[in-house]
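*Asks:*
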Amino acid sequence: MRPKSAPNYLAGYPPELTDKIKQMIEQGHLADWLLHKYPHQHAIRSDKALYDYVMELKQSYMRNAGLINRVAFDSTLHLTRNALGIHTSKSQVHGAKLKRKREIHVATMFKDMPPEFLRMIVVHELAHMKESEHDKAFYKLCCNMEPNYHQLEFDLRAYLTWLEITKNPLWSASS
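What follows is the structure, given as structure tokens:
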């Protein structure tokens, strides 16, 4: 069995964009560029605060999307599985009733990221409550909740590429 290659977070983007990022990495400028663009990390530290944050966004944009039972930072989500966040929906039969439980889990690494990146991943997971596939309707919903969604996703992918290479987080609990 062949060893797995490192994930290519920038796959699918045009070469003129990916080449710029690769060049910035080679020249040692990507970290400074990201820190200049996203200088601060958010203050959400607990699962309760994350739940409140998600519910506020949900109430603003997806009022009728149903109840979310739990929201939490999850240390079992890893970049190697390409999961930065997940949403789950479980239905259980209780007597004659069908109960649905929905949960959103966000990778723990987002505790130490800029608020823009946290919002992007939360918007992504909330959009999955209405749209299960990554299709045009899904991204339209993401952009409705966060107009800068595509740029934030690209910048996050650039950061993940840098993190994969250097193993050195730009934002940390001590920042």
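UniProt numbering puts the first residue of the sequence shown at 1, with every later residue one more than the last.
A virtual CB, placed ideally from N, CA and C, is assigned to each residue, including glycine.
Remember, it's a predicted structure, so these values are computed and weren't measured experimentally.
How many Å lie between Leu152 and Pro114 at the Cα?
*Replies:* The straight-line gap from Cα to Cα measures roughly 11 angstroms.
*Asks:* Would you kindly report the start and end of the unbroken beta strand (DSSP E) that includes Asp74?
*Replies:* Element bounds for Asp74: 70-74.
*Asks:* Name the one or two DSSP bridge partners that Ala107 has.
*Replies:* DSSP output for Ala107 lists Asp74 as bridge partner(s).
*Asks:* Could you name the residues of the same chain whose beta carbon sits closer than 8 angstroms to that of Ile25, not counting the 5 residues immediately before and after it, in chain order?
*Replies:* Here the set comprises Thr161, Trp162, Ile165.
*Asks:* In whole angstroms, what separates the C-alpha of Glu103 from that of Phe117?
*Replies:* Answer to the nearest angstrom: the Cα atoms are 20 angstroms apart.
*Asks:* How far does the alpha helix (DSSP H) with His36 in it reach, from first residue to last?
*Replies:* Its alpha helix (DSSP H) spans residues 30-37.
*Asks:* Any idea what DSSP makes of Lys48, helix, strand or coil?
*Replies:* Helix, per DSSP.
*Asks:* From Asp135 to His128, what distance separates their C-alpha atoms?
*Replies:* Near 11 angstroms, if we compare the C-alpha coordinates of His128 and Asp135.
*Asks:* Apart from the five residues on each side of it in sequence, which residues of its chain come closer than 7 angstroms, Cβ to Cβ, to Ser172?
*Replies:* So the qualifying residues of the chain are Asp112.
*Asks:* Could you tell me the boundaries of the alpha helix (DSSP H) in which Leu160 lies?
*Replies:* First-last of the alpha helix (DSSP H) with Leu160: 149-166.
*Asks:* Quick check: the region 44-61 against the region 16-24, are at least 3 beta-carbon pairs closer than 8 angstroms?
*Replies:* No contact exists between the region 16-24 and the region 44-61.
*Asks:* Rounded to whole angstroms, what's the CA-CA distance from Asn69 to Pro15? Just pull it up for me.
*Replies:* The straight-line gap from Cα to Cα measures roughly 41 angstroms.
*Asks:* Quick check on His124: does DSSP put it in helix, strand or coil?
*Replies:* Three-state DSSP puts His124 in a helix.
*Asks:* For Ala11, I'd like the list of residues in its chain whose CB is within less than 8 angstroms of its CB, leaving aside the five on either flank, ordered along the chain.
*Replies:* Cβ within range, chain order: n/a, list empty.
*Asks:* Nearest by alpha-carbon distance to Cys143: which of Ile121, Arg63, Ala158 is it?
*Replies:* If we check each option's Cα against that of Cys143, Ile121 comes out closest.
*Asks:* Check the C-beta distance from Tyr159 over to Leu34 and give it rounded, since I have them as a contact under 8 angstroms.
*Replies:* 6 angstroms between Cβ atoms; contact.
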